[in-house]
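Residue numbers (my numbering), protein chains in the order written: chain R, 4 to 273; chain L, 95 to 348; chain H, 27 to 319.
Okay, so here's the structure we're looking at.
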């Protein structure tokens with residue numbers, strides 16, 4: 004599935020300009036991270052990708068078809084959206100019912116739904132919580148419940164809005180597992196996040212947004228070596244990378260292993 | 095209410111909410127007490143003019159036409175034709191006779207209702223809820239009661255916001271929220287549960303916030319950021335409102 | 027002289043409807059002016075502890091508690107949350123929970139707590155202006171708090187707690203929705219408040235930040251404090267991994283290269299330590315290799 008965004012602009016009814024001409028294309032299954040300052044328009048942009056918001060100007064084409072030709076409910080078969088705040092997107096009595104809701108709308112068979120629940124509840128770590136009321140879940144579990152309920156619909160593209168918010172070590176590992184699963188199953192995952200450690204560990208493509216525009220996009224090597232652009236969009240490279248940059252190591256490092264390797268080479272160079 | 099900025103609108107907005115409340119009260123009650131209904135319609139005309147002056151004319155007229163005409167017709171039908179007080183008949187429809195007393199009574203009730211409605215509408219459009227409550231607390235209303243009133247007034251916009259968010263979440267999970275009436279109703283039903291439930295959880299969390307921010311601590315007399323002033327204009331308007339009320343009583347006493 | 031400001035005495039707590047205890051025999055002290063970080067996996071009891079410190083437990087929540095918590099010489103069970111709020115402020119994990127839901131503007135929101143304290147209206151203005159500039163929300167003062175983005179509300183929530191000038195500030199993951207530079211700014215402000223004498227108790231998942239800012243770190247697991255001490259003591263503990271906590275990334279990358287004789291320290295917990303240590307390593311290696319070349 005391919006999403007083409009052509010000169011996308013969005014104005015609020017109050018007159019403010021949230022998006023000021025975005026051009027980009029999403030294709031394939033390499034996970035994409037959207038990063039940037041608070042108020043840069045990341046969520047506004049993402050909400051256009053499943054039709055919740057409609058462009059004031061410009062176009063969004065999904066496999067050549069204009070997004071404006073159908074409702075969000077129609078596109079939900081292909082594009083899943085997990086909102087930032089899980090509180091307002093859970094509306095049923097049990098986690099199981101939440102998981103069943105989407106596939107039922109799609110008309111999947113009982114058998115198929117149960118198979119998916121088996122697999123997805125395990126992936127998001129809620130297998131033992133299926134009969135719990137979503138309001139009794141803690142904040143992280145709620146987040147995984149909303150992710151699970153979207154994964155249940157098996158969309159080709161899935162958008163995660165700040166999934167790392169408040170996650171601990173285990174939660175981050177679980178998210179990594181989910182993103183990896185999507186990639187291996189030819190699903191595209193687009194994630195908005197402020198956690199740069201999480202970005203460099205899990206994403207091949209990065210889009211940097213600032214003031215309603217895309218300031219830079221590319222792989223992590225391109226993006227995080229351009230410290231000036233990063234600062235402009237209120238982003239800083241992850242800790243390890245910063246140390247490497249401060250020591251003027253030749254190659255940029257994103258993991259402890261990479262750093263140790265690059266630093267070893269540095270001290271043995273002369 | 096933000097986009098009207100002519101001098102009269104500014105003036106009305108600046109009035110002390112208590113003055114406005116008093117005016118609403120005196121106009122409504124005054125017209126109810128006054129024996130003849132025509133004063134009420136005169137006042138209603140004045141309210142419409144005021145509405146037009148502050149850029150709310152369309153809405154006030156809509157209110158009067160949409161609510162006033164059907165209600166007046168209904169009252170006229172019931173009271174005019176079937177009131178037991180009818181003594182003087184003014185028209186004969188064959189199946190029933192129209193009585194003067196009932197007709198007058200119907201007109202008076204409808205004009206009073208409309209005055210309350212229009213005046214209260216104009217007040218809401220020109221006053222912030224928080225100002226009204228601040229004015230009430232400053233003139234002696236219990237702080238906790240004030241919070242309760244304000245919080246209840248704010249429930250509706252909050253619910254609207256919540257409904258919108260949940261609706262977006264449901265659309266994203268394949269629920270059609272636009273389309274035929276049945277489709278929209280079907281989409282609306284599952285909204286009720288989460289909206290009510292999350293409002294309950296909200297209430298619990300609200301309580302926590304209030305406590306940790308020192309709400310209702312004994313000892314200090316609470317103060318407010320919102321200052322409600324009572325200007326000369328306020329005093330004059332209050333006098334006029336009270337005079338209006340008293341003068342409407344006069345024909346009854348004399 | 028430092029005095030004890032918070033004293034948690036073998037405190038245990040179980041929520042009414044739960045079967046398992048949320049806090050089990052928690053025992054620690056916070057000295058006046060200290061910067062304390064509470065870390066641990068989600069669901070370990072960090073937020074419950076925050077609620078207990080400000081007296082919401084046991085005064086607001088229904089449940090069973092044992093032991094006691096003394097904050098500024100007041101037993102939290104014996105005084106109201108409102109009275110404690112004069113000493114100790116809390117910034118909730120979900121910033122929307124901080125709002126009073128009666129304010130039409132951010133300025134009114136900030137004034138809410140001041141009003142409850144009976145601060146005269148004239149003084150409110152200068153305080154609001156000062157705090158709004160500090161937290162960089164001066165442009166939001168006239169906006170409706172309910173129409174702000176998550177990051178903006180997080181700033182407002184923090185400002186509404188700081189403006190009350192508490193002796194102790196409890197922060198429950200208060201920057202999760204801010205961009206990296208924004209959250210760094212906020213942390214610098216909190217550090218500055220701490221330097222000015224305000225005691226900080228902060229729940230956080232960012233270990234680099236904890237190591238940089240905190241004087242004391244407590245690791246909590248299944249409602250119990252399993253490890254506590256200075257950042258050095260905690261992050262160098264061989265048991266750390268058992269509690270689902272990783273040391274700051276700087277620790278491992280420096281530990282790997284430091285050999286005896288390089289420096290006084292043999293590991294780094296903060297960025298500046300890591301950079302200067304590794305620079306020494308480079309110098310040392312360059313010096314040793316030149317003669318052979």
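The beta carbon of each residue, even a glycine, is placed where N, CA and C say it ideally should be.
message: By the three-class DSSP mapping on this structure, what secondary structure does residue 62/R have?
response: strand
- request: Round the Cβ separation of residue 165/R and residue 67/H to the nearest angstrom and send it over; I've been treating them as touching at under 8 Å.
  value: About 20 Å; that fails the 8 Å criterion.
task: Would you tell me roughly how many angstroms separate the C-alpha atoms of residue 9/R and residue 68/R, rounded to the nearest one?
output: 13 Å
task: Kindly say whether residue 222/R, judged by its beta-carbon, lies nearer than 7 Å to any beta-carbon of chain B.
output: The structure shown contains no chain B; its protein chains are R, L and H.
field: Distance, residue 227/H Cα to residue 70/H Cα
entry: 16 Å
message: Give me the DSSP bridge partner(s) of residue 35/H.
response: 94/H
message: Counting only Cβ pairs nearer than 8 Å, list the residues of chain R close to residue 207/H.
response: 40, 234, 237, 238, 239
query: How is residue 163/H classed by DSSP in three states: helix, strand or coil?
result: coil
query: Which residues does DSSP pair with residue 117/H in a beta bridge?
result: 197/H
query: Which class does residue 52/H belong to by DSSP, given the choice of helix, strand or coil?
result: strand
query: Mind checking residue 230/H: buried by the 16 CB within 10 Å criterion, or exposed?
result: buried
query: Taking the C-alpha atoms as reference points, what is the distance between residue 51/R and residue 64/R?
result: 11 Å
task: Could you please tell me which residues of the segment 274-294 of chain H, in chain order, have their CB closer than 8 Å to any CB of chain R?
output: 274, 275, 276, 278, 279, 282, 283
field: Option nearest residue 220/H by Cα separation, candidates 37/H, 313/H, 62/H, 101/H
entry: 62/H
task: Find the residues of chain R that neighbour residue 300/H, judging by a C-beta separation of less than 7 Å, and give them in chain order.
output: 246
Those residues which DSSP pairs with residue 224/H across a bridge: Looking at the DSSP assignment, residue 224/H forms no beta bridge with any residue, so it has no partner.
- prompt: How many Å lie between residue 144/H and residue 145/R at the Cα?
  reply: 39 Å
task: Kindly identify the DSSP beta-bridge partner or partners of residue 192/R.
output: 161/R
- request: Taking residue 94/R and residue 273/L to be in contact with their CB atoms under 8 Å, please state how far apart those CB atoms are, rounded to whole angstroms.
  value: Not quite, the Cβ-Cβ distance comes to about 20 Å (not below 8 Å), so this is no contact.
In DSSP terms, what residue 68/R is bridged to: 65/R
- request: Pick out the complete alpha helix (DSSP H) segments inside the segment 186-265 of chain L, 4 residues or longer, and give them in chain order.
  value: 194-220, 223-232, 237-265
- prompt: Mapping DSSP to helix, strand and coil, what is residue 184/R?
  reply: helix
query: Exposed or buried, what is residue 50/H when buried is set at 16 or more other beta-carbons lying within 10 Å of its beta-carbon?
result: buried
- prompt: Taking 7 Å as the CB-CB cut-off, is residue 260/L touching chain R?
  reply: yes
- prompt: Under the DSSP definition of a beta bridge, which residues are partnered with residue 61/H?
  reply: 226/H
- prompt: So which residues of chain R does residue 172/H contact, with C-beta pairs closer than 9 Å?
  reply: Residues of chain R passing the Cβ test: none, with the nearest at roughly 13 Å.
field: Near-chain R residues of the segment 112-131 of chain H - C-beta to any C-beta below 9 Å
entry: 119, 120, 122
Selected residue, minimal CA-CA separation from residue 41/R, among 64/H, 261/H, 79/H, 203/H: 203/H
- prompt: What residues in the segment 137-153 of chain H bring their beta carbon closer than 7 Å to a beta carbon of chain L?
  reply: 137, 138, 139, 141, 142, 143, 144, 145, 146, 147, 150
Within chain R, partners of residue 202/H - CB distance below 7 Å: 168, 169
field: Cα-Cα separation between residue 142/R and residue 245/R, rounded to whole angstroms
entry: 31 Å
field: Candidates 135/R, 155/R, 14/R, of which the one nearest residue 117/R by Cα
entry: 155/R
- prompt: Cα-Cα, which of 222/H, 184/H, 256/H is closest to residue 122/H?
  reply: 184/H
message: Here's the rule: buried if 16 or more other CB atoms are within 10 angstroms of the residue's CB, otherwise exposed. What is residue 187/L?
response: exposed
- prompt: Relative to the alpha-carbon of residue 176/L, which residue among 192/L, 184/L, 245/L, 117/L has its alpha-carbon at the smallest distance?
  reply: 192/L
field: Residue of 216/H, 193/H, 189/H minimising C-alpha distance to residue 199/H
entry: 216/H
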